[in-house]
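*Asks:* Starting off with a structure, shown below.
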Amino acid sequence: ILCAPSLLCSFGNEALLYVHAVARAFHWRRALLGNSSSHTRQHATTVSANMSHAGIIVLLTLGCYANHVNGQGWTQIPRGLVQVSGNLNYIWGLDQEMKIYQCQRPCTGAWRLIEGLLVQLDVDDEFVWGVNSNDNIYVRPVDGSGSWSQITGRLIHVSASGNGYVWGTNRANNIYKCKKPCKGSWQVVAGGLKMIDGGEREVCGVNGGNQLYCRPVDGSGAWRFISNGFQHVTTSGPYDIFGINTRNETFRCRKPCIGQWIMVGHDDANGLTECDATANALFGIDTWGLIWRKDFPL
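According to UniProt numbering, the residues represented by the sequence shown are 1 to 298, in order.
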């Protein structure tokens with residue numbers, strides 16, 4: 001029994017699937033015991049005896065899974081979302097129905113529903129920016145006060161975290177920048193990206209071929225190729241660029257990144273689908289829609 005936790009933990013997702021299977025078996029046993037057949041009741045009793053051992057394994061599995069997460073420094077934040085963005089004071093997020101939520105840090109699950117619907121959002125120190133399903137662009141104070149103000153232009157992805165600039169991409173993967181405070185005076189930037197994120201000194205993005213590029217955040221210079229195989233990137237943290245590859249594995253690369261990636265351990269077997277870095281933490285969403293926070297330094 002002492003060996004079971006480490007053994008099951010090493011299986012990752014398979015261990016969790018086993019937990020699910022045993023839980024279903026307990027439900028099936030209850031159905032059997034409710035049957036009037038004595039033969040069925042005897043069979044259910046046999047199943048129960050076998051499952052008493054399985055139950056011990058399940059509890060050990062759950063215990064080792066939780067300890068494994070805490071050991072890696074990840075903290076789960078209550079609620080299910082598909083996207084998250086934060087700064088030192090607030091976290092903003094979207095659910096599958098495009099509903100908008102805000103939570104004051106340290107967030108323990110007291111989410112506030114914000115009016116409107118968005119498909120993507122991003123925050124900086126003062127404002128939250130977002131785009132809706134019609135590619136319209138909106139902005140409001142990051143504390144949630146006031147109301148949404150529409151900004152001229154059409155984007156499918158916007159980044160407000162860049163130092164001095166808002167960046168975005170449209171459906172044709174065209175790239176735009178707008179000097180803060182942005183009122184809609186977008187400038188076209190050469191290249192093609194499907195998502196983008198601005199930081200203190202650089203802006204980075206991923207193209208349709210999952211290739212990652214960076215350039216100075218003011219748009220000067222040229223795009224610098226970093227790596228292949230990435231679907232998401234955030235460069236808004238103070239020390240590292242964080243990227244998620246096509247296998248939902250998370251990596252970090254010390255700025256200025258030249259492609260020397262180090263894997264960031266995450267104990268959810270399904271990995272992360274998107275992430276956002278603040279000055280003191282990395283926030284991420286896994287494939288189950290669970291929200292995670294990992295404090296700096298890593």
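Every residue gets a Cβ at the ideal spot worked out from N, C-alpha and C, and that includes glycine.
Buried or exposed, going by whether 16 or more other CB atoms sit within 10 Å of the CB of methionine 263?
*Replies:* Per the 10 Å Cβ criterion, exposed.
*Asks:* Phenylalanine 251 lies in the beta strand (DSSP E); which residues open and close that run?
*Replies:* It spans 250-254 - the beta strand (DSSP E) in which phenylalanine 251 sits, taken as one unbroken run.
*Asks:* Helix, strand or coil for asparagine 173? Go by DSSP, reduced to three states.
*Replies:* Looking at asparagine 173 - three-state DSSP - the assignment turns out to be coil, as it is neither helix nor strand.
*Asks:* Return the Cβ separation of isoleucine 285 and glutamate 274 in integer angstroms, given the expectation that the two are a contact with Cβ distance under 8 Å.
*Replies:* Indeed, because the Cβ distance is near 5 Å, the residues count as touching under 8 Å.
*Asks:* Can you give the beta carbon distance from phenylalanine 242 to valine 233, rounded, assuming they're within the 8 Å contact cut?
*Replies:* Yes, they are in contact, since the Cβ atoms of phenylalanine 242 and valine 233 sit about 7 Å apart, within 8 Å.
*Asks:* For lysine 183, does the count of other Cβ atoms within 10 angstroms reach 16, so buried, or fall short, so exposed?
*Replies:* The residue in question, lysine 183, is exposed, as its Cβ has fewer than 16 Cβ neighbours within 10 Å.
*Asks:* Considering just the uninterrupted stretch of the beta strand (DSSP E) at phenylalanine 127, what are its terminal residues?
*Replies:* Counting along the chain, the beta strand (DSSP E) containing phenylalanine 127 begins and ends at 127-131.
*Asks:* Taking serine 149 as the reference, which of His157, Asn132, Ile156 and Tyr165 has the closest Cα?
*Replies:* Of the candidates His157, Asn132, Ile156 and Tyr165, the one whose C-alpha sits nearest the C-alpha of serine 149 is Asn132.
*Asks:* Quickly, what does DSSP pair alanine 277 with across the bridge? List them, please.
*Replies:* Answer by DSSP bridge pairing, in chain order: Leu282.
*Asks:* Might you give, ordered along the chain, the residues of its own chain that have their beta carbon closer than 8 Å to the beta carbon of valine 188, omitting 5 neighbours on each side?
*Replies:* Result list for valine 188: Asn174, Ile175 and Tyr176, in chain order.
*Asks:* List the DSSP bridge partners of glutamate 202.
*Replies:* Answer is Pro216.
*Asks:* So for valine 166, helix, strand or coil by DSSP?
*Replies:* Note: valine 166 maps to strand in three-state DSSP.
*Asks:* Measuring only the C-alpha atoms, how far is glycine 86 from threonine 278?
*Replies:* Approximately 6 Å between the Cα atoms of the pair.
*Asks:* Assuming alanine 123 and tyrosine 90 form a contact by the criterion Cβ under 8 Å, report the distance between their Cβ atoms to the nearest whole angstrom.
*Replies:* Sequence check: residue 123 is valine here, not alanine. About 7 Å; that satisfies the 8 Å criterion.
*Asks:* Using only the alpha-carbon positions, how far apart do arginine 201 and threonine 250 sit?
*Replies:* In a straight line, the C-alpha of arginine 201 is about 22 Å away from that of threonine 250.
*Asks:* Tell whether a beta-carbon distance below 8 Å holds between tryptophan 261 and valine 203.
*Replies:* Their beta carbons are not under 8 Å apart, which means tryptophan 261 does not touch valine 203 by this criterion.
*Asks:* Measuring only the C-alpha atoms, how far is threonine 287 from histidine 266?
*Replies:* Each residue's alpha carbon lies about 12 Å from the other.
*Asks:* Kindly indicate the opening and closing residues of the beta strand (DSSP E) around glycine 99.
*Replies:* Correcting the residue identity first, residue 99 is lysine in this sequence and not glycine. 99-104 is the span of the beta strand (DSSP E), which, as asked, contains lysine 99.
*Asks:* Would you kindly work out how many angstroms separate the C-alpha atoms of leucine 117 and aspartate 125, rounded to a whole number?
*Replies:* If you take the alpha carbons of leucine 117 and aspartate 125, they lie about 22 Å apart.
*Asks:* Sorted by chain position, which residues of the same chain lie with C-beta nearer than 6 Å to phenylalanine 283's C-beta, five sequence neighbours on each side aside?
*Replies:* Val84, Gly86, Asp276 and Arg293.
*Asks:* Check the C-beta distance from valine 158 over to glutamine 120 and give it rounded, since I have them as a contact under 8 Å.
*Replies:* Their Cβ separation, rounded to whole angstroms, is 7 Å, which keeps valine 158 and glutamine 120 in contact under 8 Å.
*Asks:* Spatial neighbours of tryptophan 111 within its chain, please: CB distance less than 6 Å, with the 5 preceding and 5 following residues excluded, ordered by chain position.
*Replies:* Same-chain partners within the cutoff: Arg79, Tyr101 and Cys103.
*Asks:* Inspect the beta-carbon positions of leucine 88 and glycine 289 and report whether they are closer than 8 Å.
*Replies:* Contact flag unset, no.
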